[in-house]
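Residue numbers (the numbering used here): 541 to 963. First the structure, in the form of structure tokens, and then the observations on it.
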DNA sequence: TCTGGGGTCCTAGGACCC
DNA sequence: TCTGGGGTCCTAGGACCC
């Protein structure tokens, strides 16, 4: 097996820079919802010491002192640019697995005609850059986990020119593993990283040579698989067909906390509507639903409460009205006065394709009339933007709405915000 | 004043069965 | 002093990912 991992560099920041070239060379971060945390950083921002996921209030002073530019997240833009990048890859490579918004694995096995894989990847890299404006790095190896290792080193090394092929020389895998900290291995998170270092396993190379019995005890079969992949045995293969989703979740922290059930209900109404629309988009129905609501866990001086509950949806459905009704009823049951709530959400569970439901056991999930209504609803919101058509009771100006103080325009997905060029 | 959102998989333990 | 052996199914929680 031979895999390439194509990973976009500092993806959200790079997307912003496509339409804001004035941001090149500046320290830039993109913030999470409510402008809460830094979720993407330019190299210049990393050099200032901004950590992944760091709360914005901790780095706000860098705006004044070092010209840090902080942008609110613009997911419409990132999703659209992602599609463009992935379609360039799909044009060039026979088999592609889109792994996340900014990463794809390619299968290089069926490319016998290509003599120089690294050269071919450099060409691909230039093409993505030219056609989308996005810089990518590419790692090549015999397993996905090793391709991840290669990719990280390709990003860090200037002379790699964005591509590192660990299959081209027999001693490169070991060298790469020695230069990778155990916590930077795909599949080794914060927790396991500490456990490993405590046991004297510091580098990826140490991990690849660790005692299997110990690995199994500390990290189970998952850890064992990671070790095998580091040793060069491919455990994970290329998944070109996306599997059916198992859950749909819509949840948000509020712009500011609220003790009003009216307001939280308004939020739930929107979240549940969006969850139902996602479900219909995937052509599935849900047989169950969970709702949760919680206070602000960072305000430890306030009384804390975090509750959740679930109900069955019978018959299984993707109908907005049924899902919203069930979610709101459950929220009202979970509700207790006297708390300032900061977050709520809905999780649709037990998803199935309607054609897989037992035929005659249940009545039709919704009447044909209701189904047509949902189709019309989706079509209107597709065409005119999310929320163009929605159930009543929604409160546009409520305090729970998220803060996004520095969002760039939806350059590529909204006609009213399309960029204009002046000579 | 200020701390994201959306997923997957695995495991341990309890309920229940014969 | 002693209190079966196996199974399955479900759920909650914990780990991981981007």
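In this text, a Cβ means the ideal position worked out from N, Cα and C, and glycines have one as well. Quantities reported herein were computed from a predicted structural model and do not represent experimental measurements.
Pairing CB atoms from the segment 774-789 with CB atoms from the segment 845-853, are three or more of them under 8 Å? Here the segment 774-789 does not lie against the segment 845-853, with fewer than 3 beta-carbon pairs under 8 Å apart.
Would the beta-carbon of residue 888 fall within 7 Å of that of residue 809? Taking the first residue of the first chain as 1, we reach residue 888 at position 348. Taking the first residue of the first chain as 1, we reach residue 809 at position 269. No, these two residues do not count as a Cβ contact at 7 Å.
Own chain, CB closer than 8 Å to residue 821, minus 5 neighbours either side, in chain order: Counted from its first residue, the first chain places residue 821 at position 281. These residues qualify, in order along the chain: 918.
Three-state secondary structure (DSSP) of residue 547: Mapped onto the first chain, residue 547 falls at position 7. The answer is strand: DSSP assigns residue 547 an E or B state.
Determine, using beta carbons only, whether residue 834 and residue 846 come nearer to each other than 7 Å. By one-based count along the first chain, residue 834 stands at place 294. By one-based count along the first chain, residue 846 stands at place 306. Going by C-beta atoms, residue 834 is nearer than 7 Å to residue 846.
At least three beta-carbon pairs within less than 8 Å, the segment 921-930 to the segment 785-792: Verdict: no, contact absent.
Tell me whether the beta-carbon of residue 812 lies closer than 7 Å to the beta-carbon of residue 864. Taking the first chain and counting its residues from 1, one reaches residue 812 at position 272. Taking the first chain and counting its residues from 1, one reaches residue 864 at position 324. Cβ distance < 7 Å, so residue 812 and residue 864 count as in contact.
Where residue 547 and residue 696 are concerned, what is the direct C-alpha to C-alpha distance, given to the nearest angstrom? Reading the first chain from its first residue, position 7 is the one you call residue 547. Reading the first chain from its first residue, position 156 is the one you call residue 696. Using only the alpha carbons, I get a separation of about 13 Å.
Taking DSSP as the reference, what is the three-state secondary structure of residue 628? On the first chain, residue 628 is found 88 positions in, with the first residue counted as 1. Assignment of residue 628 by DSSP, reduced to helix, strand and coil, places it in the helix class.
Which two residues bound the contiguous alpha helix (DSSP H) that contains residue 663? One-based indexing of the first chain puts residue 663 at position 123. 657-672 is the extent of the alpha helix (DSSP H) around residue 663.
Look up residue 832 in the DSSP assignment and give the residues it is bridged to. Reading the first chain from its first residue, position 292 is the one you call residue 832. Its beta-bridge partners are 848, 885.
At the level of alpha carbons, what is the spacing between residue 731 and residue 684? In the first chain, the residue the question calls residue 731 occupies position 191. In the first chain, the residue the question calls residue 684 occupies position 144. The alpha-carbon atoms of residue 731 and residue 684 are separated by roughly 22 Å.
Measuring alpha carbon to alpha carbon, tell me which residue in 572, 558, 555, 636 is nearest residue 944. Translated into positions along the first chain, residue 944 becomes position 404. Cα-wise, what sits closest to residue 944 is 572.
Tell me, to the nearest whole angstrom, how far the beta carbon of residue 947 is from that of residue 612; I am working on the premise that it is less than 8 Å. By one-based count along the first chain, residue 947 stands at place 407. By one-based count along the first chain, residue 612 stands at place 72. Your pair residue 947 and residue 612 checks out as a contact, with CB atoms roughly 4 Å apart and the cut at 8 Å.
Look at the alpha carbon of residue 583 and the alpha carbon of residue 778, and state the distance between them as a whole number of angstroms. The residue you call residue 583 lines up with position 43 of the first chain. The residue you call residue 778 lines up with position 238 of the first chain. Their backbone Cα atoms lie some 30 Å apart in a straight line.
Ends of the alpha helix (DSSP H) at residue 705? In the first chain, residue 705 corresponds to position 165, counting from 1. That residue, residue 705, is in no alpha helix (DSSP H); its beta strand (DSSP E) goes 703-705.
When the Cα atoms are used, what is the spatial distance from residue 796 to residue 941? Locating residue 796 in the first chain gives position 256, where the first residue counts as 1. Locating residue 941 in the first chain gives position 401, where the first residue counts as 1. Taking the straight line from one Cα to the other gives about 8 Å.
For residue 726, does the count of other Cβ atoms within 10 angstroms reach 16, so buried, or fall short, so exposed? On the first chain, residue 726 is found 186 positions in, with the first residue counted as 1. With 16 or more Cβ atoms within 10 Å of its Cβ, residue 726 is classed as buried.
Range covered by the alpha helix (DSSP H) that runs through residue 838: Numbered from 1 along the first chain, position 298 holds the residue referred to as residue 838. The continuous stretches of alpha helix (DSSP H) do not include residue 838, and DSSP gives it neither H nor E.
Compute the beta-carbon to beta-carbon distance between residue 551 and residue 641, rounded to the nearest angstrom, for a pair I have assumed lies under 8 Å. If you number the first chain from 1, residue 551 lands on position 11. If you number the first chain from 1, residue 641 lands on position 101. About 7 Å; that satisfies the 8 Å criterion.
C-beta contact flag for residue 885 and residue 832 at 7 Å: Translated into the one-based positions of the first chain, residue 885 becomes position 345. Translated into the one-based positions of the first chain, residue 832 becomes position 292. Closer than 7 Å, so yes.
Nonlocal neighbours in the same chain, by C-beta distance under 8 Å from residue 873, ignoring five residues either side: In the first chain, residue 873 corresponds to position 333, counting from 1. Hits under 8 Å: 849.
Residues in its own chain within less than 8 Å of residue 960 by CB, not counting five upstream and five downstream? In the first chain, counting from the first residue as 1, residue 960 sits at position 420. Excluding sequence neighbours, residue 960 sits near nothing in its chain.
Which full runs of the beta strand (DSSP E) of 3+ residues lie inside the segment 777-804, going along the chain? 788-798
Spell out a yes or no on whether the segment 566-581 and the segment 696-705 are touching, meaning 3 or more CB-CB pairs, one atom from each, closer than 8 Å. no
If you compare alpha carbons, which of 744, 637, 776, 556 is closest to residue 690? Position 150 of the first chain holds residue 690. Closest option to residue 690, Cα to Cα, is 744.
Quick check on DSSP: helix, strand or coil for residue 813? The residue given as residue 813 occupies position 273 in the first chain. The answer is helix: DSSP assigns residue 813 an H, G or I state.
Do residue 555 and residue 615 have their beta-carbon atoms positioned less than 7 Å apart in this structure? As a position in the first chain, residue 615 is number 75, starting the count at 1. As a position in the first chain, residue 555 is number 15, starting the count at 1. Their beta carbons are not under 7 Å apart, which means residue 615 does not touch residue 555 by this criterion.
Tell whether a beta-carbon distance below 7 Å holds between residue 588 and residue 687. Here the question's residue 588 lines up with position 48 in the first chain. Here the question's residue 687 lines up with position 147 in the first chain. Going by C-beta atoms, residue 588 is not nearer than 7 Å to residue 687.
Taking 6 Å as the cut-off, is the C-beta of residue 567 nearer than that to any heavy atom in the ligand MG? Absence of the ligand MG is noted for the structure shown, with no ligands found whatsoever.
Own chain residues within Cβ distance below 8 Å of residue 767, not counting five before or after: Residue mapping note: residue 767 aligns to position 227 of the first chain, counting from 1. Excluding sequence neighbours, residue 767 sits near 747, 748, 750, 752, 755.
Along the chain, where does the alpha helix (DSSP H) that runs through residue 581 open and close? Within the first chain, residue 581 is the residue found at index 41, counting from 1. Here residue 581 belongs to no alpha helix (DSSP H); instead the beta strand (DSSP E) covers 578-581.
Inspect the CB distances between the segment 627-637 and the segment 658-670 and report whether three or more fall short of 8 Å. yes
Note down the Cα distance separating residue 566 from residue 620, rounded to an integer number of angstroms. By 1-based counting over the first chain, the position of residue 566 is 26. By 1-based counting over the first chain, the position of residue 620 is 80. Straight-line Cα distance between these residues: approximately 24 Å.
Tell me which residues share the same chain as residue 842 and place their Cβ nearer than 7 Å to its Cβ, disregarding the 5 neighbours each side in the sequence. Your numbering for residue 842 matches position 302 in the first chain. Cβ neighbours of residue 842 beyond the five flanking positions: 835, 836, 880.
Is residue 883 buried or exposed, if buried means 16 or more other CB atoms sit within 10 Å of its CB? Walking along the first chain from the start, residue 883 turns up at place 343. Buried, by the Cβ-count rule.
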